[in-house]
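Here the protein sequences line up with chains A and B, keeping their order. Sequential numbering of the first sequence, starting at 0, is according to numbering that gives the first Met the number 0. Sequential numbering of the second sequence, starting at 0, is according to numbering that gives the first Met the number 0.
Protein chains: 2
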Amino acid sequence: MSEQALTRRGRPGYDQRAILEVAVAAFIEFGYDATSMGVLATRLALSKSAIYHHFTSKDELLELALAEALDGLEGVLTEEKDEVGPAIDRLARVLRGAVRVLTDRLPYVTLLLRVRGNTDVERSALSRRRAFDRAVTALVTEARDEGSLRGDIDPRVVTRLLFGMVNSIAEWYRPEGPEDAAQLANDVLAVALDGLRVSAQE
Amino acid sequence: MSEQALTRRGRPGYDQRAILEVAVAAFIEFGYDATSMGVLATRLALSKSAIYHHFTSKDELLELALAEALDGLEGVLTEEKDEVGPAIDRLARVLRGAVRVLTDRLPYVTLLLRVRGNTDVERSALSRRRAFDRAVTALVTEARDEGSLRGDIDPRVVTRLLFGMVNSIAEWYRPEGPEDAAQLANDVLAVALDGLRVSAQE
């Protein structure tokens, strides 16, 4: 899917995606403001004009990087849009999908989580993120109204706590680490939906 | 408790704590590196030497700020150290206490959560934070071994997910906002221990 958006423009050595990956790693390490196109050129061993062959500006690099994360998250919602069945099951699949997007696109999601709204690109990304959160909150509300989700917590707080848990995974998850991404999604769902306590009935 | 550590040294206008509060707000807004003692002096309408009357360095300001958060969290563990009773109940009280420390000392905890280990002061704070996490993981393991906590999730992952949820509250909680801190602690415990799902038995 992301391969469709970022096409190879025929520059030998680095294609658009490879440059984007190096840029995102630098943005995460040094911060977006502190990473100049000159720094990126040095890291890539390319001239600045070679980078500008692929991207019109540093802002465009950030925009494409944030879109990688947001397209992934929005795609998870789109997959559920026409599904029927209990809202709690759709919510579970959205949570599982969000963990998958985070582990699959870790640097892009990490960058998204650091955005504070300092530029138009950042504000636009935050606006898309808020729309995603509102859609999840609507799903939480639907699951509550159908009687499958507890009704004593504000759905907006539920969404914030759920994504607090999911997003925190970006701080410690490493693809080469001992935690399997699918197992991690199972763990999140187990805590969020069924809780940690072993109930007396079991 | 924090009042014991930070005593008023008799300077009119600002005492140590008031200077620390302004410094922490600046560290959060601009970042620690980008906040010079000159910037702080301007914000406080004090001379730099007036600040140095209270603090030997910017590093000491950071150290005292991080200690506010860490003393609070460690205090929660100390309260439980000599308690008996099921480990799951002690874990629940530690979680509740951690939410209380976060809401009571919001700027200090926010600063702690941003620390990346760039200086000795930061590395020392991270080391204390890791010791706290290890103690919580030991409590999770104890609750699992007593049979009150589900055994199918690695206790280290449990601790990370729990504190991912708790720490994320710092991103949106505002003391003047609609969410009551005690209610928020109840919400966290409800999600973490009993889960969101309304089970068939209820």
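Glycine included, each C-beta is placed from N, C-alpha and C at the ideal position.
Mind checking the region 167 to 193 of chain B against chain A and listing, in chain order, the residues whose C-beta falls within less than 8 angstroms of any C-beta there? Result list: 167, 168, 170, 171, 178, 183, 186, 187, 189, 190, 191, 192, 193.
Nearest CA to the CA of residue 94 (chain B): which residue from B:191, B:43, B:66? Answer by Cα proximity: B:191.
Is residue 125 (chain A) closer than 9 angstroms to residue 139 (chain A) when the C-beta atoms are compared? Going by beta carbons, residue 139 (chain A) and residue 125 (chain A) fall outside the 9 angstroms limit.
Neighbouring residues, chain B, relative to residue 157 (chain A) (Cβ below 7 angstroms): The contacting residues are 195.
Check distances from the C-beta atoms of the region 20 to 45 of chain B to those of chain A and list, in chain order, the residues that come in under 9 angstroms. Of all residues in the region 20 to 45 of chain B, 30 have a Cβ within less than 9 angstroms of some Cβ in chain A.
Give a yes or no on contact between the region 148 to 168 of chain A and the region 151 to 162 of chain B, applying the rule of three or more CB pairs nearer than 8 angstroms. Contact check between the region 148 to 168 of chain A and the region 151 to 162 of chain B: three or more CB pairs, one atom from each, fall below 8 angstroms, which counts as touching.
7 angstroms CB neighbourhood of residue 31 (chain B) in its chain, flanking five on each side removed: If we look at residue 31 (chain B) and ignore the five residues flanking it on each side, its Cβ neighbours are 61.
Residues of its chain near residue 2 (chain B), where Cβ-Cβ distance is below 8 angstroms and the 5 sequence neighbours each way are ignored: Reliability fails at residue 2 (chain B), whose pLDDT of 43 lies under 50, so the model's placement of it is uncertain and the value that follows must be treated cautiously. These residues qualify, in order along the chain: 16.
How long is the line joining the alpha carbons of residue 144 (chain B) and residue 174 (chain B), rounded to whole angstroms? CA-CA distance, residue 144 (chain B) to residue 174 (chain B), rounds to 38 angstroms.
Please list the residues of the region 79 to 106 of chain A that have a C-beta atom closer than 7 angstroms to any C-beta atom in chain B, keeping them in chain order. Correct list: 87.
Please list the partners that residue 146 (chain A) has in chain D, where partner means a Cβ-to-Cβ separation under 7 angstroms. Going by chain labels, chain D is absent from the structure shown, which instead holds the protein chains A and B.
Using a Cβ-Cβ cut-off of 9 angstroms, state whether residue 163 (chain A) counts as contacting chain B. Contact with chain B is found for residue 163 (chain A), since one of that chain's Cβ atoms lies less than 9 angstroms from the residue's Cβ.
Continuous alpha helix (DSSP H) stretch holding residue 197 (chain A): start and end: Residue 197 (chain A) -> no alpha helix (DSSP H), and no H or E assigned at all.
What are the start and end residues of the alpha helix (DSSP H) that includes residue 29 (chain A)? Segment 15 to 29, the alpha helix (DSSP H) holding residue 29 (chain A).
If we ignore side chains and look at the alpha-carbon of each, how far apart do residue 76 (chain B) and residue 155 (chain B) end up? Looking at the two C-alpha atoms, the distance is approximately 17 angstroms.
Does the Cβ-Cβ distance between residue 65 (chain B) and residue 54 (chain B) come in under 9 angstroms? No. Outside cutoff.
Is there at least one Cβ from chain A nearer than 9 angstroms to residue 18 (chain B)'s Cβ? No, no contact with chain A.
Looking at the C-beta of residue 152 (chain A), does it have a partner C-beta in chain B at a distance below 9 angstroms? It does: the Cβ of residue 152 (chain A) has a partner Cβ on chain B nearer than 9 angstroms.
Is there a Cβ from chain A that is less than 9 angstroms from the Cβ of residue 68 (chain B)? With 9 angstroms as the cut-off, residue 68 (chain B) does not count as an interface residue toward chain A.
Tell me, please, whether the CB atom of residue 142 (chain A) is closer than 9 angstroms to any CB atom in chain B? Residue 142 (chain A) counts as touching chain B.
Report back the beta-carbon spacing between residue 108 (chain B) and residue 68 (chain B) to the nearest angstrom; my notes put them in contact at under 8 angstroms. Between residue 68 (chain B) and residue 108 (chain B) the Cβ distance is about 5 angstroms, and since that is below 8 angstroms, they are a contact.
Considering just the uninterrupted stretch of the alpha helix (DSSP H) at residue 169 (chain A), what are its terminal residues? Looking at the DSSP string, residue 169 (chain A) is not in any alpha helix (DSSP H), and its letter there is neither H nor E.
Output the boundary residues of the alpha helix (DSSP H) element that contains residue 102 (chain A). Following the DSSP letters along the chain, one finds residue 102 (chain A) inside the alpha helix (DSSP H) bounded by residues 86 to 103.
Closest Cβ-Cβ distance between residue 133 (chain B) and chain A: below 9 angstroms? Judged by the 9 angstroms Cβ criterion, residue 133 (chain B) is not in contact with chain A.
State buried or exposed for residue 120 (chain B), treating a residue as buried only when at least 16 other CB atoms are found within 10 Å of its CB. The C-beta of residue 120 (chain B) has 16 or more other C-beta atoms within 10 Å across all chains shown, which makes the residue buried.
So residue 187 (chain A) is in the alpha helix (DSSP H); what residue range does that whole segment cover? From DSSP, the alpha helix (DSSP H) with residue 187 (chain A) extends over 180 to 188.
Can you list, in chain order, the residues of its chain with a C-beta nearer than 7 angstroms to that of residue 115 (chain A)? Leave out the 5 residues immediately preceding and following it. The answer, listed in chain order, is 121.
9 angstroms Cβ cutoff, residue 128 (chain B) in contact with chain A: No - not a single Cβ of chain A is within 9 angstroms of the one on residue 128 (chain B).
Quick one: what does DSSP say residue 191 (chain B) is sitting in, helix, strand or coil? Looking at residue 191 (chain B) - three-state DSSP - the assignment turns out to be helix.
Counting only beta-carbon atoms, is residue 160 (chain A) nearer than 9 angstroms to chain B? Residue 160 (chain A) counts as touching chain B.
Select from B:196, B:183, B:150 the residue whose C-alpha is nearest the C-alpha of residue 197 (chain A). Across the set B:196, B:183, B:150, the C-alpha of B:150 shows the shortest separation from the C-alpha of residue 197 (chain A).
Straight-line CA distance for residue 79 (chain A) to residue 92 (chain A)? When rounded, the distance between both Cα atoms is 8 angstroms.
Does residue 149 (chain A) get closer than 9 angstroms to chain B when you measure Cβ to Cβ? With respect to chain B, the C-beta atom of residue 149 (chain A) has a partner C-beta closer than 9 angstroms.
CA nearest to the CA of residue 189 (chain B), picked from A:187, A:193, A:188, A:186: A check of alpha carbon separations from residue 189 (chain B) across A:187, A:193, A:188, A:186 identifies A:193 as the nearest.
Candidates A:29, A:52, A:142, A:137, of which the one nearest residue 14 (chain A) by Cα: Comparing Cα-Cα distances from residue 14 (chain A) to each of A:29, A:52, A:142, A:137, the minimum goes to A:52.
So residue 183 (chain B) and residue 98 (chain B) are in contact, right, with Cβ under 8 angstroms, and what is the actual spacing, rounded? Yes, residue 183 (chain B) and residue 98 (chain B) are in contact; Cβ-Cβ is about 6 angstroms, under 8 angstroms.
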